[in-house]
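The structure appears right after this line, and notes come after that.
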Amino acid sequence: GENVEQHPSTLSVQEGDSAVIKCTYSDSASNYFPWYKQELGKGPQLIIDIRSNVGEKKDQRIAVTLNKTAKHFSLHITETQPEDSAVYFCAAHDLSKLTFGKGITLSVRP
Amino acid sequence: KAGVTQTPRYLIKTRGQQVTLSCSPISGHRSVSWYQQTPGQGLQFLFEYFSETQRNKGNFPGRFSGRQFSNSRSEMNVSTLELGDSALYLCASSLISGGNGDTQYFGPGTRLTVL
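Sequence order for the protein chains is Y and S. Per our numbering: the first sequence = residues 3 to 112. Per our numbering: the second sequence = residues 2 to 116.
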């Protein structure tokens, strides 16, 4: 089955800096890659997603890039703000279900 | 449009008991997927229901079961609770099918504690 790995497991950045979170997946048949943000006491919230026919997608301060050859995708957050502090999960859809990475805790220092 | 709702939000049970959790998807969504979230294992897929039929099942014992009603609302049941079942149980709804790669929207979860 699909295996999704997320690196690093924690990330601390200064407010205003950029943050990059990387994920790798194992199943070349996977074709949909969402990113979720989870704040304490809440369920995961979809922040951006990308499908396999697109290499990059951007939504304001957030962007996702996909490299199907290398089987990795990355989340880029620019001009980070304290409210970006949360746990971020990547996931890959392998034609039957979503498989999630273990999550990364992003801390934005004011 | 209202989001995904889950009830109850918190639950405390003892070993051996059974529990039923409820999920109401976003209006118009027909697919409901369930996940278990624990600090050690992360988010793990339990099962997906679409049009009252289970479409896919994760690697969990038979003590975990679910169903979906004609109005797309879903319930999951865990029988003979074990300490290791303590987790956040999340429900996600999709317009057509999460199993086919439709976007999944999560509810706030039900925090289950087994004593």
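Each residue gets a CB set at the ideal place from its N, CA and C atoms; glycine is no exception.
Hey, out of the options, whose CA is closest to residue i's CA?
| i | options | result |
| --- | --- | --- |
| residue 3 (chain S) | S:16, S:104 and S:30 | S:30 |
| residue 20 (chain S) | S:28, S:40, S:108 and S:10 | S:10 |
| residue 47 (chain Y) | Y:11, Y:68, Y:74 and Y:86 | Y:86 |
| residue 16 (chain S) | S:111, S:97 and S:81 | S:81 |
| residue 88 (chain Y) | Y:54, Y:94, Y:98 and Y:44 | Y:44 |
| residue 8 (chain Y) | Y:33, Y:32, Y:37 and Y:30 | Y:37 |
| residue 52 (chain Y) | Y:30, Y:62 and Y:77 | Y:77 |
| residue 64 (chain S) | S:83, S:46 and S:49 | S:83 |
| residue 52 (chain S) | S:112, S:71, S:26 and S:60 | S:71 |
| residue 3 (chain Y) | Y:107, Y:106, Y:110 and Y:95 | Y:95 |
| residue 42 (chain S) | S:86, S:25 and S:75 | S:86 |
So residue i contacts chain Y; which residues on that side make the cut at Cβ distance below 7 angstroms?
| i | result |
| --- | --- |
| residue 106 (chain S) | 48 |
| residue 22 (chain S) | Simply none; closest approach about 13 angstroms. |
| residue 44 (chain S) | 91 and 102 |
| residue 110 (chain S) | 45 |
Can you tell me whether residue i is buried or exposed, with buried defined as 16 or more other CB within 10 angstroms of its CB?
| i | result |
| --- | --- |
| residue 18 (chain Y) | exposed |
| residue 13 (chain S) | exposed |
| residue 107 (chain S) | buried |
| residue 42 (chain Y) | exposed |
| residue 16 (chain Y) | exposed |
| residue 10 (chain Y) | exposed |
| residue 100 (chain Y) | buried |
| residue 35 (chain Y) | buried |
| residue 102 (chain S) | buried |
| residue 39 (chain Y) | buried |
| residue 98 (chain S) | buried |
| residue 67 (chain S) | buried |
| residue 88 (chain S) | buried |
| residue 81 (chain Y) | exposed |
| residue 102 (chain Y) | buried |
Along chain Y, which residues have their Cβ under 8 angstroms away from the Cβ of residue i?
| i | result |
| --- | --- |
| residue 102 (chain S) | 33, 34, 53, 95 and 97 |
| residue 57 (chain S) | 98 and 99 |
According to DSSP, is residue i helix, strand or coil?
| i | result |
| --- | --- |
| residue 51 (chain Y) | strand |
| residue 78 (chain S) | strand |
| residue 84 (chain S) | helix |
| residue 49 (chain S) | strand |
| residue 19 (chain Y) | coil |
| residue 81 (chain Y) | coil |
| residue 61 (chain Y) | strand |
| residue 69 (chain Y) | strand |
| residue 72 (chain S) | coil |
| residue 101 (chain S) | helix |
List, in order along the chain, the chain S residues whose C-beta lies closer than 9 angstroms to that of residue i?
| i | result |
| --- | --- |
| residue 75 (chain Y) | In chain order: nothing, as chain S lies at least about 15 angstroms away. |
Could you list which residues in chain Y have their beta carbon closer than 9 angstroms to that of residue i, in chain order?
| i | result |
| --- | --- |
| residue 53 (chain S) | In chain order: nothing, as chain Y lies at least about 19 angstroms away. |
| residue 76 (chain S) | None at all; the shortest Cβ gap to chain Y is about 17 angstroms. |
| residue 91 (chain S) | 45 and 46 |
| residue 49 (chain S) | 98 and 99 |
Going by DSSP, what residues sit across from residue i in a beta bridge?
| i | result |
| --- | --- |
| residue 43 (chain S) | S:39 |
| residue 110 (chain S) | According to DSSP, residue 110 (chain S) bridges with nothing at all. |
| residue 111 (chain Y) | Y:16 |
Given that residue i touches chain S, what residues does it touch there, using C-beta distances under 8 angstroms?
| i | result |
| --- | --- |
| residue 70 (chain Y) | In chain order: nothing, as chain S lies at least about 15 angstroms away. |
Who are the neighbours of residue i on chain S, taking C-beta pairs under 7 angstroms?
| i | result |
| --- | --- |
| residue 105 (chain Y) | 43 |
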